[in-house]
Each structure stands twice: as C-alpha cells, then as structure tokens.
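Residue numbers (numbering that gives the first Met the number 0), protein chains in the order written: chain U, 0 to 577; chain D, 0 to 181.
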Amino acid sequence: MFELQKTIELEPAKQKAISIRGAEAIVKALIEENVNTIFGYPGGAIMPFYDALYGYSDQLIHILARHEQGAIHAAQGYARASGEVGVCIATSGPGATNLVTGLADAMIDSTPLVCITGQVPSTLLGTDAFQETDVLGISMPVTKWNFQVTKAEEIPMAIAKAFYIAKNGRPGPVLIDITKDAQFALFDFVYKKCKTVRSYKPKPVVNTKKIVEAAELINAAKRPYILVGQGVLLANAQDELLHFMEKTGIPAASTLLGLSGVPADHPLYVGYLGMHGNYSTNVLTNECDVLIAVGMRFDDRVTGVLAKYAKQAKVIHIEIDDAEIDKNVKTTVAILADAKEALALLSIEAKPNKHEAWIQQFRDLDKEEYDEVISKHIAPTSEQLQMAEVVHMLSEKTKGSIITVTDVGQHQMVVSRYYRYQQPLSSITSGGLGTMGFALPAAMGAQLGCKSKQVVAIIGDGGYQMTIQELGTIMQFKIPVKIMILNNHFLGMVRQWQEMFFEGRYSFTEMHNPDFVKIAEAYNIPAAKVVKREELSAAMDKWLNTEGPAFLDVEVEKEQNVFPMVPSGAGVAEIRLK
Amino acid sequence: MQEDQEPRKYIAVIYTEDKVGLTNRISLILTRRKMNIESLQTSETEVPGIFRFTIQLTISPDQMEKVTKQFEKIVDVISAHYYLPKEVIIQEVALYKVPTKHLIGSDRIEKLIRKHFARILFVEPDFLIIEKTGAHTEINDLFKELEQYGLQEFVRSGTLAITKKNTDIHDQLEELARIQTS
C-alpha cells in the first residue's frame with residue numbers, strides 16, 4: 000500500500016466510494032479506463048473476477064480465447080489496430096505462464112498491454128500451492144512493469160498505474176498479479192486515474208538546441224534519407240512526418256514495424272528496409288550523407304552487420320527511449336523526444352528543398368529490382384503460384400486499404416514487400432520476437448479493435464498450426480476476419496536458409512499438412528482451396544466478399560526463395576537480388 | 000564512444016522506489032549481458048521510501064553507458080549514475096571475530112588495532128569482535144594479520160561510495176518525496 004500511494008499522483012475521483020469486492024473493483028477499474036473489449040481465459044485463481052464480470056456483460060465484452068497465448072496475441076492485435084491499451088486476463092500457474100510469449104512479443108514491439116493474472120490466496124504464496132507459480136519473477140524480463148496485489152485496497156491504484164505505464168512513453172506490457180483473497184475481500188472502492196509516476200518521466204522535454212543542430216545537418220545535406228520506424232505510428236506522427244518530408248523533399252523508407260506510416264504511393268516513399276527489404280533502400284543507406292532515423296531502433300535485421308552500416312553518414316536519431324540512442328548506431332545528433340513533437344519542430348527549422356537526382360538513384364535501383372525480382376514474382380511463368388503474386392493481387396483488389404496481420408517467415412516478408420499500405424496502423428506483425436502463431440489470434444483482436452476496416456490474416460502453414468485452435472474463438476464470437484494460408488508445405492524461411500547456407504539439408508522443415516479446408520469448415524467457417532493461377536482471382540473475390548469469417552488455403556510453390564536478401568553477416572549494400 | 004574499450008572498474012549508483020523485486024529487475028539487466036556483480040550494496044536512503052543501490056562492476060566504458068541507460072529505463076528507478084573509482088570515496092566495513100587464547104597477556108592486539116585504525120566492538124572471555132572501516136586493501140591487510148591468531152568468522156560489506164564533487168542529490172530526493180497522492 001505504502002509503495003503505491005507514495006509514488007504516484009492521482010486525478011480526483013469522479014464518484015463517491017462504494018463497498019464492493021476486489022473482483023468487482025477490477026471490472027469497474029477497467030471500465031473507468033474506457034476499456035470495452037478484453038481477452039481472456041478463466042481458471043481457479045481468477046474465478047472471483049469472472050464471477051464479477053458476469054454482471055457487466057453490457058459494459059465489457061469478454062472474448063474467450065482457446066489458449067492464453069491466443070488471448071494475449073489477440074490483445075496485442077487489438078492494441079495495434081486501435082491504438083488503445085490491450086487487456087488480457089488469465090488465471091494463475093499455467094494460465095500465466097502461457098502469457099509469456101505474448102509479453103515478450105509486446106515488450107520488444109512496444110505494444111501497450113495490461114495483463115491481469117489471478118494468483119493463489121496470499122496465505123498460500125510460496126507454498127507450492129495448486130497452480131501457484133512465480134509470475135512476477137517469470138514475467139519480469141518481459142514486462143515494462145509488474146506488480147503483485149495482495150489486498151483489495153491496492154487494486155484501483157495498481158490498475159491505474161498499470162494503464163498509465165503501459166501507454167505512456169515507449170509503450171509496453173504491464174502485468175498485475177492479484178491474489179484470490181484480494182479479489183474476494185470487500186473494501187471501499189473509489190477510482191482515480193493515474194496522473195504521474197514520480198520515478199518515471201515518459202515524455203522527454205525536447206532540447207531545441209538539438210533540433211537546430213539537426214536542421215543544420217539536414218539543410219546542408221545533399222543526399223538525406225529518412226528511416227521510418229514504429230515510433231511514428233505510436234506517436235500518431237504520420238501528418239508531421241509527411242509535412243517534414245514534403246517540405247524538405249527527403250525520401251523515406253520504412254522498417255517492418257514502420258510499414259503503413261507513409262502511404263506506399265507517396266512520391267517520396269522509397270520502400271521497405273532490411274534483410275528482405277527493397278534493393279534501393281538498402282544499397283543507398285550506404286550512400287546517403289545524412290540519415291534521419293525516426294522512432295526506430297536499428298535492429299540487426301535492418302542494419303545487417305553494423306561495421307558496414309551507413310559509416311559515411313551523419314546520423315540524426317529521433318527517439319523517445321534514451322536507451323536506444325547510441326545502442327547500435329552512434330548518432331551525430333540525438334533528439335530525445337516524442338516523434339510527433341520532434342518532427343513538428345524540425346519542420347519549422349528545416350528549409351524547403353528538393354532532391355530529385357538523389358531520388359532518381361532510388362528509382363534506378365528500383366528498376367533493377369523490378370526487372371530482376373518483382374516482375375518475375377508478380378507475373379510469373381512458373382506453373383505453381385508464387386506468394387508475391389497472391390499478395391500483389393490482394394493489394395490491388397483491396398487498394399491497400401485493409402489491415403494485414405502476418406506471422407513470421409517467408410509469407411511475412413512477401414506481404415511486407417508487396418502489400419502497398421495506404422492508411423496508417425494497417426500492418427500488424429510480430430517484428431522483434433518473430434513469433435510463429437501470432438497472426439491468427441492477433442488478427443481477431445485487430446478486427447475487434449478496428450471494426451471499420453477489413454482485417455486479413457496472411458499466415459504460413461507452419462505458424463497457422465501453432466494457434467489454429469483460435470478458429471474456435473472466431474466461430475463463437477463471429478469475428479469477420481479473413482484468413483489466408485500461403486501453403487508451401489514447408490517451414491519456408493528455415494528451408495530457404497537450409498538451401499542457401501546449409502547445403503540444402505532440409506532438416507525437419509517439411510510438413511505433412513491436414514486438410515485445412517475441412518478444419519475451417521468444422522468450425523463453420525466458409526473455406527476454399529486454390530491451386531491454379533486461373534482460379535485465384537475469383538476465389539479471392541469470393542473469400543473477401545464473404546460475410547463473416549472466411550478461409551482461403553492457397554497452395555504456393557514449395558521451394559521458393561524470398562529475394563532480395565541481405566545474407567547474415569553481410570552489410571546492407573551487399574544485398575543480393577538472387 | 001571512448002576509444003579504449005578495455006573493461007575497468009566502475010561504481011554504479013541507482014536511486015529507486017521501495018519496491019518488491021527491484022533487485023531482481025536491476026540484476027536481470029546485468030545477467031542478460033553476462034556481466035558479473037562484484038559487489039552490491041542496497042539500503043534505504045535518508046529519505047523514507049527511496050532506496051540506493053551501489054554496484055561495483057568491471058566492464059567496458061561503452062557497456063557501462065548502455066547498462067546505465069537500461070537501469071534508468073526501469074519504471075521504478077529514479078535515477079542511475081556511474082563513476083570511476085577516482086571520482087568517489089570508496090569504503091567498506093568489515094567485522095572480524097578473533098579467539099582470545101593467543102592474545103591473553105600481551106598488548107599485540109591493542110597495537111594491531113591502533114595500527115589499523117580499527118576498534119573492538121564486543122568482548123567475550125574466549126573471543127572478541129573487531130570492526131574496521133577502510134578501503135578494500137586495508138581490510139585485507141588486517142585480515143591477514145588477524146588470520147594468524149585463528150580467525151573464527153569474517154564479514155565485509157559491499158562497496159560504499161560517495162562522490163567527490165558537489166551534488167544536490169539529497170535535495171532532489173527530498174523534493175521527490177514531497178509528491179503525494181491527492
């Protein structure tokens with residue numbers, strides 16, 4: 000009690016105190032935080048909460064997943080599509096440990112989550128009681144903050160602090176572990192939102208001197224280049240970014256999580272970065288003179304080997320998390336700030352400019368990539384379907400307007416390369432952690448978090464089977480998500496590496512798959528399978544136009560490789576087209 | 000980045016909230032990077048509810064800068080700092096339990112105590128307890144001398160360090176402590 004009360008500042012209460020149980024207080028606290036959809040799975044230690052929830056079904060929608068991992072990935076998808084905090088509920092022990100992958104995923108991809116786990120009664124803590132596990136200890140490296148509540152009186156403050164921490168500053172997952180006795184106990188409930196946490200300064204004050212220094216570099220630059228990360232989307236800074244780009248005429252490329260931050264058709268957008276990114280975006284990283292990184296963290300999949308990364312460039316890094324500055328790439332000017340604020344200030348200082356010759360360099364390399372790779376993949380002569388042509392067709396049919404949710408592997412890279420996003424927050428994928436099994440549950444969460452857009456899950460046949468049980472959730476809650484499997488009967492990305500770097504020894508990457516259509520149909524989800532090119536367009540139309548959920552199994556070429564590729568251990572300029 | 004990235008001794012000082020599990024969160028940052036804690040001292044500061052960790056590490060300058068930022072990133076950490084040994088006064092406290100049987104009837108122990116600026120805290124007929132505050136090496140020196148009399152038990156604190164320059168950290172902590180819930 001002491002530790003919470005002393006360390007946070009709360010807003011005034013809106014209502015008078017009422018005497019309720021801790022479990023009901025959790026429900027009311029969530030409603031006070033404007034939560035309307037939660038994902039979870041009941042069990043012994045969280046039963047008082049579920050009992051209290053029974054009376055609030057008109058105010059709080061609960062989606063019963065089929066596995067806690069499904070629940071937390073759904074909460075992640077919800078958070079990323081809506082921009083709100085995702086909420087996930089699980090019981091103690093195995094319920095809580097099943098959240099760990101999702102927590103790690105949300106941690107590395109900066110997704111705001113509040114996870115609430117039940118815990119054995121406080122009198123049994125440390126006794127190896129039934130379904131007791133040290134959730135706080137287990138989740139510590141994969142949460143932004145976590146806390147155990149053992150008294151009902153602590154519930155409102157712990158939840159208020161949890162929401163504040165999850166969404167402020169660089170977002171991340173928070174876990175609150177609540178003992179069963181705290182859920183049962185009666186107390187005087189009053190809810191006050193958290194205003195500040197005294198040890199935590201989420202939004203740095205922008206150092207205007209750094210803005211001036213950065214602007215001087217930008218104004219003098221001949222070949223400036225912007226790298227767009229997820230920080231732009233998290234800060235809702237798309238407009239500020241576009242204004243900055245258009246004023247200065249600087250081309251911009253996107254990281255995996257930054258995708259959809261700049262509309263793909265924008266004349267200054269030059270493409271996707273990283274290991275399977277575009278050719279120009281990687282090659283010219285090593286030719287620019289000023290590199291402006293916005294809300295990105297120079298992940299190794301973006302930089303390739305650091306010793307060969309942008310050594311010629313002066314680096315401006317706009318970043319909200321001080322620990323990211325100078326972590327991988329040394330900056331010339333570091334702007335510790337929220338991207339929205341920093342870009343607005345930078346636009347004022349930066350002079351109008353054009354960089355036509357420099358942009359032409361990108362377009363020249365784009366043509367090489369188009370001739371060598373893209374043209375062959377979107378209009379192939381092969382007998383079997385290529386992943387790229389399927390995604391290209393989806394992009395054309397939907398005009399870049401849907402939300403795509405992908406898993407990890409070849410299909411993920413192909414979607415990132417070929418889907419042309421026109422609206423922000425429309426690419427959801429497991430980036431940093433690379434979690435197979437992410438896409439299906441994340442897609443159902445995303446669909447509930449953004450009902451105005453069509454959500455399409457594009458998944459490989461391997462990852463799909465890791466969380467395939469969530470078809471049950473989609474069926475029960477009639478979530479109108481469209482599911483597409485790019486089925487090559489292989490763990491494709493691992494197979495590609497085996498082919499390229501392990502002399503073609505396909506060690507345990509081939510999969511004998513079940514009849515996915517029958518499985519979907521068993522869940523009452525309309526399903527179809529496409530094998531031939533001439534069937535694809537009609538099948539895709541039918542699938543997209545189905546009311547409610549729909550499933551499409553697309554059989555693609557078995558041994559197809561994703562190119563371009565920066566081989567591991569190589570520099571970005573050593574990207575291979577074949 | 001400093002050119003010379005040879006590992007060297009650092010003293011990290013971290014001010015934190017009084018929160019269960021924080022030691023774990025701090026040490027996880029080091030464990031994950033396979034860095035060894037040479038000494039860790041933690042206790043409440045002069046301001047109730049605020050704790051201070053003093054950690055001794057031998058790592059490179061670049062690593063030290065990065066882990067300090069990671070410490071700062073912990074929500075319940077108020078601030079994190081690091082120093083080279085020359086920038087701080089470092090002291091340890093040690094307690095020595097020595098049997099009296101070899102010392103009876105001589106002034107050897109008194110001479111030893113005076114020579115080492117130590118003091119006797121507790122006397123029993125068959126043993127006595129000596130306290131010494133000093134640098135790591137000074138504590139080792141007294142240890143070696145007392146060992147010959149058959150040391151029964153020995154304990155030393157972790158590194159205590161205070162900076163040599165003017166600071167207003169006390170005022171900062173007091174200011175922080177004034178924030179209360181409304």
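Even glycine gets a Cβ: it sits at the ideal position worked out from N, Cα and C.
From what residue to what residue does the alpha helix (DSSP H) around L432 of chain U run? As a working note, residue 432 of chain U is residue 433 in the first sequence. Counting along the chain, L432 of chain U falls outside any alpha helix (DSSP H), and DSSP gives it neither H nor E.
I'd like to confirm the pairing. Which residues does DSSP put opposite R32 of chain D in its beta bridges? For this step, residue 32 of chain D is matched to residue 33 along the second sequence. Checking the DSSP bridge columns, you'll see R32 of chain D has no partner listed.
Interface residues of the region 2-17 of chain D facing chain U [CB-CB below 7 Å]: Among the residues of the region 2-17 of chain D, those with a Cβ less than 7 Å away from any Cβ of chain U are E16 and D17, in the order of the chain.
Tell me where the alpha helix (DSSP H) around T247 of chain U begins and ends. Taking the first sequence and counting its residues from 1, one reaches residue 247 of chain U at position 248. Going by DSSP, T247 of chain U is part of the alpha helix (DSSP H) stretching over Q237 to T247.
What first and last residue would you give for the alpha helix (DSSP H) that runs through K72 of chain D? Residue 72 of chain D sits at position 73 when you count from the first residue of the second sequence. In this chain, the alpha helix (DSSP H) harbouring K72 of chain D covers P60 to K72.
Short CB-CB distance (under 9 Å) between N206 of chain U and chain D: Taking the first residue of the first sequence as 1, we reach residue 206 of chain U at position 207. Closer than 9 Å: no.
Quick check on this structure: which residue in D:R118, D:P84 and D:T53 has the alpha carbon closest to the alpha carbon of K164 of chain D? Position 165 of the second sequence, counting from 1, holds the residue named residue 164 of chain D. Checking every option, the nearest Cα to that of K164 of chain D belongs to D:P84.
Would you mind telling me which residues of chain U sit closer than 9 Å to E71 of chain D, beta carbon to beta carbon, in chain order? Walking along the second sequence from the start, residue 71 of chain D turns up at place 72. Listed along chain U, the residues sitting closer than 9 Å to E71 of chain D by beta-carbon distance are D321 and A322.
Using a Cβ-Cβ cut-off of 9 Å, state whether T35 of chain D counts as contacting chain U. If you number the second sequence from 1, residue 35 of chain D lands on position 36. One detail in the question is off: residue 35 of chain D reads as Asn in this sequence, not Thr. Taking Cβ atoms only, chain U never reaches closer than 9 Å to N35 of chain D, which makes this a no.
contact_flag[the region 154-163 of chain U, the region 19-29 of chain U] where n(CB pairs < 8 Å) is 3 or more: They touch, by the three-pair rule.
Answer with yes or no whether the minimum CB distance from N165 of chain D to chain U is below 9 Å. On the second sequence, position 166 is the one that residue 165 of chain D refers to. Not one beta carbon of chain U lies nearer than 9 Å to the beta carbon of N165 of chain D.
Between U:M443, U:D50, U:T6 and U:K209, which has its C-alpha nearest Y578 of chain U's C-alpha? The shown model of chain U, from 0 to 577, leaves out residue 578 of chain U, and the question about it has no answer.
Considering only C-alpha positions, which residue in the set U:P41, U:K246 and U:Y278 is nearest to S253 of chain U? Along the first sequence, read from residue 1 onward, the residue named residue 253 of chain U stands at position 254. Each of U:P41, U:K246 and U:Y278 was checked against the Cα of S253 of chain U, and the nearest Cα belongs to U:Y278.
8 Å contact criterion, which L9 of chain U and K191 of chain U should meet: CB distance rounded: On the first sequence, residue 9 of chain U is found 10 positions in, with the first residue counted as 1. On the first sequence, residue 191 of chain U is found 192 positions in, with the first residue counted as 1. Confirmed, about 4 Å.
In the DSSP assignment, what are the bridge partners of H80 of chain D? Within the second sequence, residue 80 of chain D is the residue found at index 81, counting from 1. DSSP output for H80 of chain D lists D:V12 as bridge partner(s).
For R222 of chain U, which three-state DSSP category applies? Counted from its first residue, the first sequence places residue 222 of chain U at position 223. In the three-state reduction of the DSSP assignment, R222 of chain U falls in the coil class, being assigned neither a helical nor a strand state.
Pick from U:H316, U:G257 and U:M443 that is closest to G276 of chain U, judged by C-alpha positions: Numbered from its first residue, the first sequence carries residue 276 of chain U at position 277. The candidate whose alpha carbon is nearest that of G276 of chain U is U:G257.
Which chain U residues are close to I77 of chain D, counting only those with a beta carbon under 8 Å from its beta carbon? Locating residue 77 of chain D in the second sequence gives position 78, counting from the first residue. In chain order: R197 and S198.
Between the Cα of Y417 of chain U and those of U:T434, U:G433 and U:K396, spot the shortest distance and give me the residue it belongs to. Indexing the first sequence from 1 puts residue 417 of chain U at position 418. Checking every option, the nearest Cα to that of Y417 of chain U belongs to U:K396.
Chain U partners of K131 of chain D, CB-CB under 8 Å? Start at 1 with the first residue of the second sequence, and residue 131 of chain D comes out as number 132. Within chain U, no C-beta atom comes less than 8 Å from the C-beta of K131 of chain D; the nearest is roughly 36 Å away.
Return helix, strand or coil for F153 of chain D, following the three-state DSSP convention. Translated into positions along the second sequence, residue 153 of chain D becomes position 154. Three-state DSSP puts F153 of chain D in a strand.
Give a yes or no on whether the minimum CB-CB distance between I164 of chain U and chain A is below 9 Å. Considering every chain present, this structure includes no chain A. Its protein chains are U and D.
Quick one, are the C-beta atoms of S394 of chain U and R362 of chain U less than 9 Å apart? Looking up residue 394 of chain U in the first sequence gives position 395. Looking up residue 362 of chain U in the first sequence gives position 363. Taking 9 Å as the cut-off, the Cβ atoms of S394 of chain U and R362 of chain U do not count as close.
Residue from D:T166, D:I36, D:V122 and D:V76 whose Cα sits closest to the Cα of G48 of chain D: Mapped onto the second sequence, residue 48 of chain D falls at position 49. Closest option to G48 of chain D, judged by alpha-carbon separation, among D:T166, D:I36, D:V122 and D:V76: D:V76.
In the structure shown, what three-state DSSP assignment does F116 of chain D receive? Within the second sequence, residue 116 of chain D is the residue found at index 117, counting from 1. Correct three-state label for F116 of chain D: coil.
Determine the direct distance from the alpha carbon of L59 of chain U to that of E520 of chain U, and round the result to whole angstroms. Your numbering for residue 520 of chain U matches position 521 in the first sequence. Your numbering for residue 59 of chain U matches position 60 in the first sequence. Those two C-alpha atoms are separated by around 30 Å.
Decide yes or no for the touch test of the region 138-155 of chain D against the region 93-101 of chain D: beta carbon pairs closer than 8 Å, at least 3 of them. Yes, since at least three Cβ pairs between the region 138-155 of chain D and the region 93-101 of chain D fall closer than 8 Å, the two stretches touch.
Neighbouring residues, chain D, relative to P140 of chain U (Cβ below 8 Å): By one-based count along the first sequence, residue 140 of chain U stands at place 141. Within chain D, the residues near P140 of chain U are L27 and R31.
In DSSP terms, what F188 of chain U is bridged to: Residue 188 of chain U sits at position 189 when you count from the first residue of the first sequence. Per DSSP, U:I17.
Helix, strand or coil for N486 of chain U, going by three-state DSSP, please let me know. The residue you call residue 486 of chain U lines up with position 487 of the first sequence. Strand.
Chain-ordered neighbours of K143 of chain U on chain D, where CB pairs are closer than 8 Å: Counting from one through the first sequence, the residue named residue 143 of chain U turns up at place 144. By Cβ distance, chain D contributes V74.
What's the call for M0 of chain U, buried or exposed, on a 16-neighbour Cβ count within 10 Å? Residue 0 of chain U sits at position 1 when you count from the first residue of the first sequence. The predicted model places M0 of chain U with a pLDDT of 47, which falls under 50 and marks its position as unreliable, so this point remains unresolved.
For D176 of chain U, name the three-state secondary structure that DSSP assigns. As a working note, residue 176 of chain U is residue 177 in the first sequence. Look at D176 of chain U here: in three-state DSSP terms it is strand.
Around the C-beta of Q559 of chain U, are 16 or more other C-beta atoms found within 10 angstroms, so that it is buried, or is it exposed? Position 560 of the first sequence, counted from the start, is the residue given in the question as residue 559 of chain U. Within a 10 Å sphere around the beta-carbon of Q559 of chain U sit 16 or more other beta-carbons, which makes this residue buried.
Report buried or exposed for K209 of chain U, applying the criterion of at least 16 other Cβ atoms within 10 angstroms of its Cβ. Taking the first sequence and counting its residues from 1, one reaches residue 209 of chain U at position 210. Residue environment: K209 of chain U is assigned as buried (16 or more neighbouring CB atoms within 10 Å of its CB, all protein chains considered).
Any C-beta of chain U sitting closer than 9 Å to the C-beta of A176 of chain D? For the purposes of this step, residue 176 of chain D is taken as residue 177 along the second sequence, with counting starting at 1. For A176 of chain D, the answer is yes, since a Cβ of chain U falls inside 9 Å of its Cβ.
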